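Notes follow once the structure below has been shown.
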Ligand code: ADP
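In the numbering used here, the protein residues as written are 7 to 168.
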């Protein structure tokens, strides 16, 4: 049977336990999953693309069929270039739906052969986002339970040695 590769794209700035949950579930369904960090020059990020890839690799190393990569430009071009047939995205709440729906339709318009799959989050991660992690950490709150250990350490180092 043909192997199905899925791309899970995102900013992952930084990767959270919510992202990891989605990546693991995708890896249980698809033969290969590429977690791919979007390089977006127009969006200012807390971590460089390289740092984001390292953190993602560290926290997903236990899953054999996941690789971590980065890309710029149009997502569908990248997905085609990787010979992947699927885009995976995570859904937290209704608030994600509007944006995700629009993006899925736009991508289908651009590349009808690529399918977008949505994986629903675990309720315990439904409130977790990279931006809230950055904000909570900035104001001294604890993010230990919502990010992997390596990310927690990177955040801590950043805070002490800016
Ligand atoms: P983007 O800037 O592309 O939205 P993110 O890194 O914020 O990138 O998110 C990537 C994907 O992961 C999106 O589909 C987003 O909805 C999903 N996601 C983010 N946080 C969670 C979470 N806690 N649980 C499930 N999915 C999530």
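For glycine and all other residues, C-beta sits at the position ideal for the given N, C-alpha and C.
Because the structure is a prediction, the values reported are computed rather than measured.
First through last residue of the alpha helix (DSSP H) which encompasses residue 14
Note, residue 14: premise wrong, no alpha helix (DSSP H); beta strand (DSSP E) at 11 to 16.
Nearest CA to the CA of residue 40: which residue from 47, 68, 88, 64?
Considering only alpha carbons, the answer is 88.
Status (buried if at least 16 other CB within 10 Å, exposed otherwise) for residue 67
Residue 67 is exposed by the Cβ-count criterion.
DSSP three-state label for residue 156, please.
Three-state DSSP puts residue 156 in a helix.
Simplified DSSP assignment, three categories, for residue 21:
Residue state, collapsed to three classes: coil.
Start and end residues, beta strand (DSSP E) containing residue 121:
Element bounds for residue 121: 121 to 126.
Tell me whether residue 84 counts as near the ligand ADP, meaning its Cβ is closer than 6 Å to at least one heavy atom of that ligand.
Checking the Cβ of residue 84 against the ligand ADP gives no.
Which value, in whole angstroms, describes the spacing of the CA atoms of residue 148 and residue 142?
So the alpha carbons of these two residues sit roughly 7 Å apart.
Counting only the same chain and skipping the five closest in sequence on each side, list residues whose C-beta sits under 6 Å from that of residue 161.
Beyond the five residues adjoining it in sequence on each side, residue 161 comes within less than 6 Å, by CB distance, of 143 in the same chain, given in chain order.
Endpoints, beta strand (DSSP E) assigned at residue 51:
Here residue 51 belongs to no beta strand (DSSP E), and DSSP marks it neither H nor E.
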